[in-house]
Every structure is written in structure tokens, then in C-alpha cells.
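Okay, so here's the structure we're looking at.
4 protein chains.
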Amino acid sequence: MLMSVEDVTAFLAKEYPQLAESGDFVLDELSDMGAKLRMRYNQRHLRPGGTISGPSMFTLADVGLYCAILGELGPVAMAVTTNLNINFLRMPGQRDLVAECRLLKLGKRLAVGEATLVQPGEGGKTQIVAHATATYSIPPR
Amino acid sequence: MLMSVEDVTAFLAKEYPQLAESGDFVLDELSDMGAKLRMRYNQRHLRPGGTISGPSMFTLADVGLYCAILGELGPVAMAVTTNLNINFLRMPGQRDLVAECRLLKLGKRLAVGEATLVQPGEGGKTQIVAHATATYSIPPR
Amino acid sequence: MLMSVEDVTAFLAKEYPQLAESGDFVLDELSDMGAKLRMRYNQRHLRPGGTISGPSMFTLADVGLYCAILGELGPVAMAVTTNLNINFLRMPGQRDLVAECRLLKLGKRLAVGEATLVQPGEGGKTQIVAHATATYSIPPR
Amino acid sequence: MLMSVEDVTAFLAKEYPQLAESGDFVLDELSDMGAKLRMRYNQRHLRPGGTISGPSMFTLADVGLYCAILGELGPVAMAVTTNLNINFLRMPGQRDLVAECRLLKLGKRLAVGEATLVQPGEGGKTQIVAHATATYSIPPR
Numbered sequence: 035m036l037m038s039v040e041d042v043t044a045f046l047a048k049e050y051p052q053l054a055e056s057g058d059f060v061l062d063e064l065s066d067m068g069a070k071l072r073m074r075y076n077q078r079h080l081r082p083g084g085t086i087s088g089p090s091m092f093t094l095a096d097v098g099l100y101c102a103i104l105g106e107l108g109p110v111a112m113a114v115t116t117n118l119n120i121n122f123l124r125m126p127g128q129r130d131l132v133a134e135c136r137l138l139k140l141g142k143r144l145a146v147g148e149a150t151l152v153q154p155g156e157g158g159k160t161q162i163v164a165h166a167t168a169t170y171s172i173p174p175r
Numbered sequence: 035m036l037m038s039v040e041d042v043t044a045f046l047a048k049e050y051p052q053l054a055e056s057g058d059f060v061l062d063e064l065s066d067m068g069a070k071l072r073m074r075y076n077q078r079h080l081r082p083g084g085t086i087s088g089p090s091m092f093t094l095a096d097v098g099l100y101c102a103i104l105g106e107l108g109p110v111a112m113a114v115t116t117n118l119n120i121n122f123l124r125m126p127g128q129r130d131l132v133a134e135c136r137l138l139k140l141g142k143r144l145a146v147g148e149a150t151l152v153q154p155g156e157g158g159k160t161q162i163v164a165h166a167t168a169t170y171s172i173p174p175r
Numbered sequence: 035m036l037m038s039v040e041d042v043t044a045f046l047a048k049e050y051p052q053l054a055e056s057g058d059f060v061l062d063e064l065s066d067m068g069a070k071l072r073m074r075y076n077q078r079h080l081r082p083g084g085t086i087s088g089p090s091m092f093t094l095a096d097v098g099l100y101c102a103i104l105g106e107l108g109p110v111a112m113a114v115t116t117n118l119n120i121n122f123l124r125m126p127g128q129r130d131l132v133a134e135c136r137l138l139k140l141g142k143r144l145a146v147g148e149a150t151l152v153q154p155g156e157g158g159k160t161q162i163v164a165h166a167t168a169t170y171s172i173p174p175r
Numbered sequence: 035m036l037m038s039v040e041d042v043t044a045f046l047a048k049e050y051p052q053l054a055e056s057g058d059f060v061l062d063e064l065s066d067m068g069a070k071l072r073m074r075y076n077q078r079h080l081r082p083g084g085t086i087s088g089p090s091m092f093t094l095a096d097v098g099l100y101c102a103i104l105g106e107l108g109p110v111a112m113a114v115t116t117n118l119n120i121n122f123l124r125m126p127g128q129r130d131l132v133a134e135c136r137l138l139k140l141g142k143r144l145a146v147g148e149a150t151l152v153q154p155g156e157g158g159k160t161q162i163v164a165h166a167t168a169t170y171s172i173p174p175r
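Going down the list, the sequences are from chains V, P, F and A.
Those letters in the first sequence? Residues 35 to 175, per the numbering used here, in order.
Those letters in the second sequence? Residues 35 to 175, per the numbering used here, in order.
Those letters in the third sequence? Residues 35 to 175, per the numbering used here, in order.
Those letters in the fourth sequence? Residues 35 to 175, per the numbering used here, in order.
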């Protein structure tokens, strides 16, 4: 890895001030080809019925995978999302939501990864709330 | 169609107050199995580089298709997005973005549709900025 | 367009002999950023229940979009499918199936297109049986 | 689980004779919400360049997830694929390909799963060749 959790957090704060200012997104972990990004529970992510909105889950998966790419490639590369496919599996509860992200491929031109969005369920059991796969175009270096 | 543009607009204002209060989303048209939803250009949808954010485009496609379903089924049905696949094709410009939505299937249990996100390009030529397909689960009636 | 229907048909016969030898796939039309590929009805594409198999529909969409790219770029480029998303909408009947293909983007590195798989339905009305979007990586030239 | 590896293998042989007769697909394992399906290396799955064809990989992912559903629900349910999204990540080598399948959701009406297609790579290291997610509609029981 070329960047640490602190490096990526600082990079995002500079490049995506709206995201960072909200204080809702916290990078919990960076690992080899992976990242865990947490979305703190906040009224602003709700939609009718008290559930977390689809666009908020989209953002969590997309930014989480972007962090995993940054960790591997460093701050030079400005990867652009070209495709994102998301399956919404269960109604999320009103608590933190974590994107467990894993890069499946990190090529010269394309990166592909999957993000599993999980929450602790009833009785502490982890539940999968949504699952996304996404492709990023990596600019020539 | 069971609902008019005015009916659907009023329904959304009641059910999705955050969306409606922003004033950014305007239902331009409802047709047989289709809808056109406009997102007015607004600073708040920007991301670094001055381009419209992915989550904003996700929302536009998702809500546009939801409007098309509402128009056909009426306000009783609370359709839930189960899958959304979006391809980002071109950097959008800083102007209105319109989702041209078309239902490909409207079954008893599932509805599937596509949303083509377009903008006028250089010289007035319409450009496709993004394209999404989505599936909605329709509750038993 | 750089290639005609005859050019693309001859190219496929050379590059994909298995496909061509079956005689099942017929390129009906090439147009600006588009193609129509027909799969002749044949026992071999069936699966239990007498319906056309998913892999056959996958092939029809994928090859149809590949023809549209060939028509635009010529035989030099060896485009590779990187992503394909397909929605199966209705049970197809036991007759020809046509992929109406349209390129949404033809960039230097990536091409993205959609394929609508249609069949004449009861009373001659065209029915959408499946819908796919796919991305192709275009090698540097 | 309601069915064993032998049960599912026998069920497939009866319901999908074409698949079974080829002898190319072998169910290696059934587990809680999961299955491993192997496609034996065979000339017939090749496409130009000596690589395994996209439709063969589509079939492997689709049938593998179908086996995982069968294992959980038993032979009564005739699940139908409604959506399949596949990312092709690396050129597969000329050897067996295994779909490691996992159900992410098994609801009353819909099942969603992911299939990771792997091959041993250079030096025995496992490589991810493709990754798919798919949705199945489960008929009312």
C-alpha cells in the first residue's frame, strides 16, 4: 500500500470537502486490496420509513472502493467510476453502516471491486444490507 | 395511466419531503410506461471538477423510474428498488440533466426500467451522460 | 461506418468459426452506432420448458454489440467484453430472437452499449424479452 | 440444507439433460447458503485466442448459484434468473474453472447471490477470472 488510513482521510478531506465536512464517513481500515468505510448513523441519510436512502448506500460503496484504490495507487491517480451495480437486500436499521470493500482487479486501465454493506443485526449477528460491484477507469500515468 | 404529472408531483412532495423541498427535481412528463424527470442545475449536486455527482445521477434515475411506476400503478403501491446498474458515460456539464425513463416490464411482482440521462451538448446536440437499468419489487396488492 | 454487413459477417466467420458454422446468427442490419443481430430459432438454444436459454441470450446481446463496434472501428480493434448486465423480462417464445443494439458511448478506451432482445408477440406485437448493457475495452491503436 | 450434492446432481441431470450429458459441470460442494461448481476444461468452451468463452462463464455462474438455491429450498422451487451482472477480470487459462457461489439473500420472493470464478494461477496462486451477481425469482409455494 502506498497510503495509510491517515493519508487517505486527509486526501479525501481536501478533494471532497462536502463529504468530509459532514463527518459522516469514517475510514476504519485499509488493507491489501481492501478498505472498510463506515457511515455514521445520521438523520440526513434517512428516507421515508426511517430507512437509510439508496443514494447514501451508493455513496458509501463508491467512496469505500475509491479509498481501496487510493491506498494501492497513491494520490496521483484520479480514478473515475464508470459502472456501479448495486443490489439492495434488506431494509437497513437506524445505526452505522459499514462498507467492506475488496478490489477484485487492479489493472493498468481498469479497477474492479466489490463492496458488501453490513450492519449488526438482531442479537449482534452481522447482516448484509446491500452489495455492490463497481468499475473505475484509471488515467494513464 | 392512473396518475397525472400533478398527482405524482403531489405524492412525491408528501412522501419524499427532502427531495421535494430542494425544488431541484421537476417531473416534466408522464407517458405510457414512461416519465421524464429533470434535475435543475444546482451547486449542491457538484463534486470536485465541477461535475454532477454520481449519487445525484443515481437519485435522478431511480426517482424518474419510480415516477413512471407510480403513473401506471397509482399511489397504493410502494415499490422498492432491488437492483440498480448505472454506466457513467461522459462528464456532465453544469446545466440541467434529464432522465428519460421507460419501463421495460411491469409485472405483478417486478418492474424493470431503463433511464437514459441526457443533456444538451455543444451546438445543442443532445448527449447521453449516463444510462441506468433498475428493478423494483412491487408489494402484493 | 468502416465495415458493411458483409464485411462484419465475413470477419465473424473467420474469427468465430463455431458461431458462424452454426448458421444460427444472422446480421440483419448495421447502422450508425447500431446493429441488429438475429438468432434463428433452433432446438439447440432451448432449455427445459421449451424456452430459449440464458447463455444463448447472453451470446446474442454480446455478439450484437460487438458487431456494432466492429462496424464503427473496423476489423483492427479486438474489443474485449469487460462487463455485461442482463435483465430477463419475459419467457421467449419458440421463434427467432433479435438483438437491437445501440452504442451509448464509443470512446478511445471503452465502448458501452445496450441490446434490447425482442420477439414478435401474440397478434404481431413486438415484445421485449430481455435487455442488456455491456462494456468493452478497446485496445490501444 | 434440504438437498445433498448427490440430490442436486441427480436433479440437474433430469432437468437439464444437455448440461449433464456434457459431463463438463461437476458440483464439488454444497454448504450453508453456498455451492462450488466446477467446469472441466474442454475444447468446446474455447473461443478464439484459446480462452474460455463468456457464455460458458455465464453458465457456470448461473448454474452454480442455482445449485446453492436448490440446496436450500429443495427441488420443488423452480427459481428463474431475472438479472445477472458479470465482470470479466482476467483471461482464463486452459484449465478447470470453479464458481465459488454464495447466497447474499434468500427471501420469499427473491434470492440474490454472488459467484466468484477462480482458477489456479502461475505458481499455484488462485486467480479471480470473473465475478457475477445474480437475482432469482422464487415462485410462490
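Quick reminder that beta carbons are idealized off the backbone N, C-alpha and C, glycines included.
Identify the contact partners of residue i in chain A, using a Cβ-Cβ distance below 7 angstroms as the criterion.
i              : result
N117 (chain P) : N117, T169
Compare the C-beta of residue i against all C-beta atoms of chain V and say whether one is closer than 8 angstroms.
i              : result
L94 (chain F)  : no
G127 (chain P) : no
M162 (chain A) : A small fix is needed here, since residue 162 (chain A) is Ile in this sequence, not Met. So, interface residue.
K142 (chain A) : no
Counting only Cβ pairs nearer than 9 angstroms, list the residues of chain F close to residue i.
i              : result
I172 (chain A) : Residues of chain F passing the Cβ test: none, with the nearest at roughly 14 angstroms.
So which residues of chain F does residue i contact, with C-beta pairs closer than 8 angstroms?
i              : result
V146 (chain P) : N121, L123, H165
Which residue wins for smallest C-alpha separation from residue i, given the options the options?
i              : options                        : result
V132 (chain A) : A:A54, A:L71, A:E63            : A:L71
D62 (chain A)  : A:S90, A:M73, A:V163           : A:M73
I172 (chain F) : F:L104, F:Q161, F:E134         : F:L104
E148 (chain V) : A:G141, A:K142, A:A166, A:L137 : A:A166
N121 (chain V) : V:L138, V:M91, V:D41, V:S65    : V:M91
D41 (chain F)  : F:N76, F:G108, F:Y50, F:G98    : F:G108
V60 (chain A)  : A:T169, A:A44, A:G127          : A:A44
A168 (chain F) : F:M125, F:L137, F:L36          : F:L137
L99 (chain P)  : P:I162, P:A69, P:Y50           : P:A69
T160 (chain A) : A:T93, A:I86, A:R124           : A:R124
L64 (chain A)  : A:V163, A:E134, A:K48, A:T85   : A:E134
P174 (chain V) : V:T150, V:A145, V:A164         : V:A145
Y50 (chain F)  : F:C101, F:M37, F:D66           : F:C101
N76 (chain F)  : F:G88, F:V152, F:G57           : F:G57
T150 (chain V) : V:L94, V:K48, V:Y170, V:E106   : V:L94
M35 (chain F)  : F:L53, F:A164, F:D66           : F:D66
S176 (chain V) : V:E106, V:T85, V:G88           : Examination of residue 176 (chain V) is not possible in this model, given that chain V is present from 35 through 175 alone.
I86 (chain F)  : F:Y170, F:P126, F:I162, F:A47  : F:P126
Y170 (chain A) : A:E55, A:L53, A:L46, A:D96     : A:D96
Using 8 angstroms as the limit for Cβ to Cβ distance, is residue i near chain F?
i              : result
P89 (chain A)  : yes
R72 (chain V)  : no
R136 (chain V) : no
Residues of chain P with CB under 8 angstroms from residue i, in chain order?
i              : result
L151 (chain F) : In chain order: nothing, as chain P lies at least about 10 angstroms away.
Applying a beta-carbon distance threshold of less than 9 angstroms, which residues of chain V neighbour residue i?
i              : result
K139 (chain A) : N121, L123, R124, I162, H165
#### Entry: Three-pair Cβ contact test at 8 angstroms for the stretch 106 to 119 of chain V versus the stretch 155 to 162 of chain V
no
### Query
Pairing CB atoms from the stretch 127 to 141 of chain V with CB atoms from the stretch 134 to 142 of chain P, are three or more of them under 8 angstroms?
no
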